[in-house]
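Under our numbering, the residue at position 36 of the sequence shown is numbered 36, and the numbers go up by one with no gaps. Following: one structure in structure tokens, then a few remarks.
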Amino acid sequence: MSRAFDAFVRGGWTVESTTPGGETVKGKATVMADGGGNGGFTLVWKGGGKQVTWTGSWLLRGGHLRIDVFDAPEDVDKLTGGQALTVPKEVGEGTSLLLPWQPPGHDGTTDGQYLKVTYKNDVLRIVHSERGGSESVHVCTRMV
Numbered sequence: 001m002s003r004a005f006d007a008f009v010r011g012g013w014t015v016e017s018t019t020p021g022g023e024t025v026k027g028k029a030t031v032m033a034d035g036g037g038n039g040g041f042t043l044v045w046k047g048g049g050k051q052v053t054w055t056g057s058w059l060l061r062g063g064h065l066r067i068d069v070f071d072a073p074e075d076v077d078k079l080t081g082g083q084a085l086t087v088p089k090e091v092g093e094g095t096s097l098l099l100p101w102q103p104p105g106h107d108g109t110t111d112g113q114y115l116k117v118t119y120k121n122d123v124l125r126i127v128h129s130e131r132g133g134s135e136s137v138h139v140c141t142r143m144v
């Protein structure tokens, strides 16, 4: 069953992210959506004995999913202007996508970065691949 993108992302998710260097961090995300392709999120990372909170917004227009992080710790650059391209209006069970990725601060997708996205059994897996071959893996599990 496919759902509109807003309905798909809305709600609570556990998140486990692994960087190219092998470091893994875990957290919980809450995604808000207004039903019109706009929304916000709060992501609370846990580790090292303390919580770190990021907040931001997202906007889906014409297949472009823009993601902005507005509030994060001082040692984290504000991640504004990143966007995935060719994002569908609807997402459902068994989804498998290869999306061009424009990192924050870049003018386009010409450096070859992309996101490999799959969704099955309430698990959203996003693999961010860079031109040089390094990958970061983000596993998001829907909280029911």
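Heads up, the beta-carbon is just placed ideally off N, CA and C, and yes, glycines get one too.
Item to complete: For Gly48, count neighbouring C-beta atoms within 10 Å of its own C-beta (all shown protein chains included) and say buried if the count is 16 or more, exposed if not.
Response: exposed
Discussion item. Taking the alpha carbon of Gly186 as the reference point, which residue from Glu90, Leu65, Ala72, Pro88 has its own alpha carbon closest?
Written reply: Only positions 1 to 144 of the chain appear in this structure, which leaves residue 186 out of reach.
Worksheet item: Would you report the Cα separation of Lys89 and Ala4, rounded to the nearest angstrom?
Response: 6 Å
Worksheet entry | Segment limits, beta strand (DSSP E) that includes Asp34 | First-last for Asp34: undefined, no H or E at that position.
Discussion item. Given a cut-off of 7 Å on the beta-carbon distance, is the pair Gly27 and Val9 in contact?
Written reply: no
Worksheet item: If we ignore side chains and look at the alpha-carbon of each, how far apart do Gly56 and Thr30 end up?
Response: 11 Å
Worksheet item: Using the beta-carbon count (16 or more within 10 Å), is Gln83 buried or exposed?
Response: buried
Discussion item. If you measure between the beta carbons of Thr141 and Thr14, is that distance less than 7 Å?
Written reply: yes
Worksheet entry | For Asp68, three-class secondary structure by DSSP | strand
Fill in: Under the three-state DSSP convention, the category Val9 falls into
helix
Worksheet entry | Expected contact under 8 Å - CB spacing of Val137 and Thr18 to nearest Å | 5 Å
Worksheet item: In the DSSP assignment, what are the bridge partners of Lys89?
Response: Lys89 pairs with nothing; no bridge assigned.
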